[in-house]
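Just below is one structure, and these are the notes that go with it.
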Amino acid sequence: MLIFILFSVLDGYAQSCDFAETSLLPDDIDTSVASPDSSRPYALIAGGSKGIGYALAEALAKRKYNLILIARHLDSLQAAKNKLESAYSIHVEILVHDLSREESATEIAKWCIDRNIHLKVLANVAGHGGPRDYLLTSLDTLRYMVRLNVESMMALSLTLLPLLEKNAPSYILNVASMAGFAPIPIKNLYSATKSAVIFFSYSLRYQLKKKHISVSCLCPGPVFTKPEVRRETEKRFGWFGKKMAVSPKRVGEIAVKKTLKGRLIIVPGTLSKVISVLLRALPRRTVTSLYAKAGT
Ligand SMILES: NC(=O)c1ccc[n+]([C@@H]2O[C@H](COP(=O)([O-])OP(=O)(O)OC[C@H]3O[C@@H](n4cnc5c(N)ncnc54)[C@H](OP(=O)(O)O)[C@@H]3O)[C@@H](O)[C@H]2O)c1
Numbered sequence: 007m008l009i010f011i012l013f014s015v016l017d018g019y020a021q022s023c024d025f026a027e028t029s030l031l032p033d034d035i036d037t038s039v040a041s042p043d044s045s046r047p048y049a050l051i052a053g054g055s056k057g058i059g060y061a062l063a064e065a066l067a068k069r070k071y072n073l074i075l076i077a078r079h080l081d082s083l084q085a086a087k088n089k090l091e092s093a094y095s096i097h098v099e100i101l102v103h104d105l106s107r108e109e110s111a112t113e114i115a116k117w118c119i120d121r122n123i124h125l126k127v128l129a130n131v132a133g134h135g136g137p138r139d140y141l142l143t144s145l146d147t148l149r150y151m152v153r154l155n156v157e158s159m160m161a162l163s164l165t166l167l168p169l170l171e172k173n174a175p176s177y178i179l180n181v182a183s184m185a186g187f188a189p190i191p192i193k194n195l196y197s198a199t200k201s202a203v204i205f206f207s208y209s210l211r212y213q214l215k216k217k218h219i220s221v222s223c224l225c226p227g228p229v230f231t232k233p234e235v236r237r238e239t240e241k242r243f244g245w246f247g248k249k250m251a252v253s254p255k256r257v258g259e260i261a262v263k264k265t266l267k268g269r270l271i272i273v274p275g276t277l278s279k280v281i282s283v284l285l286r287a288l289p290r291r292t293v294t295s296l297y298a299k300a301g302t
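Residue numbers (our numbering): 7 to 302.
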């Protein structure tokens, strides 16, 4: 049973955990539609056109943050902008960038600094995964994963720091994964990059405390953001996978609520929380060996 539970935390595999957090919208959120106000604070979401990034965007839009959404494809960015602007009467800027490019962070920061953007929130969301990686994936793909999952998060956090400091109190939300809590042999590099995101966030939180910038790290279990995620989850884990997963919308709402409250590690869903405690409490060698047995 333990093997089964641990294996289930390989993300991308399950949905719908309606246990703990029932009321996610605080009463003081004004969801009424008014005219957009560009002087309101901005949140920048790197990877904000789809999936968890879009859900974060929507949760911030409800709280009347203006948004800067970044992704590679203009069509989905434009669709997200149209939807959010008409539903929440906020201002949405969209920027097309491949965040795995070394120059992206500097270009994005320059764009924001030139416009003196009132930046209050930075969410580093875009990441690359897959059911298997190291030994079975090309070196180019592995390098892409490191650049997107780790380097881009590190570079945006640093290049946007002057704006976040100027507009403090402010927030950085890094998206890791439950896969970052322990080594997973068949997803060796993915779990290693997500563990880097978690460690980086822990330390950065202390480094930025005096600057009044709060750092949070979202570590979700499975979230059905794409049909292949749902298929893989259901194929491998059946009912347990379904129980474990949390919907993107719910993940976005929980993550924004807890980020604004200054929480460090955010694990949406009661079942995922329990498993994340186990993953961190058990000896690392044991967990890795259980993952290895379950994954072959
Ligand atoms: N889904 C899960 O089960 C799950 C579980 C735990 C953790 N996570 C983590 O959560 C994050 C989001 O996952 P998701 O499932 O929501 O992904 P998704 O649905 O595929 O959305 C990813 C977003 O990032 C953008 N993006 C991807 N690659 C990019 C690049 N190179 N440059 C710029 N933008 C890029 C995408 O737009 P474009 O394609 O247009 O670029 C899209 O807006 C990832 O870091 C993932 O590791 C996911």
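Quick reminder that beta carbons are idealized off the backbone N, C-alpha and C, glycines included.
C-alpha distance - residue i paired with residue j, whole-angstrom precision
| i | j | result |
| --- | --- | --- |
| S45 | V293 | 49 Å |
| K215 | G53 | 26 Å |
| L162 | Y48 | 15 Å |
| F187 | S282 | 7 Å |
| I74 | A67 | 11 Å |
| F205 | N180 | 11 Å |
| A61 | I51 | 10 Å |
| S110 | K200 | 21 Å |
| G227 | E157 | 22 Å |
| E238 | G247 | 9 Å |
| L166 | A115 | 6 Å |
| S295 | R149 | 26 Å |
| M159 | D120 | 21 Å |
| P137 | V235 | 9 Å |
| V229 | I190 | 18 Å |
| G133 | D43 | 31 Å |
| A85 | E91 | 10 Å |
| A63 | P289 | 37 Å |
Residue i, buried or exposed, once every other Cβ within 10 Å from all chains shown has been counted against 16
| i | result |
| --- | --- |
| S220 | buried |
| L164 | exposed |
| T147 | exposed |
| E108 | exposed |
| S144 | exposed |
| K267 | exposed |
Helix, strand or coil at residue i according to DSSP, with G and I counted as helix
| i | result |
| --- | --- |
| S201 | helix |
| V131 | coil |
| V273 | coil |
| C223 | strand |
| K232 | coil |
| V252 | coil |
| E108 | coil |
Whether residue i touches residue j by CB criterion (8 Å)
| i | j | result |
| --- | --- | --- |
| I123 | L80 | no |
| A4 | G258 | The structure shown does not extend to residue 4, since the chain is modelled only from 7 to 302, so the question has no answer here. |
| V127 | Y208 | no |
| S183 | C118 | no |
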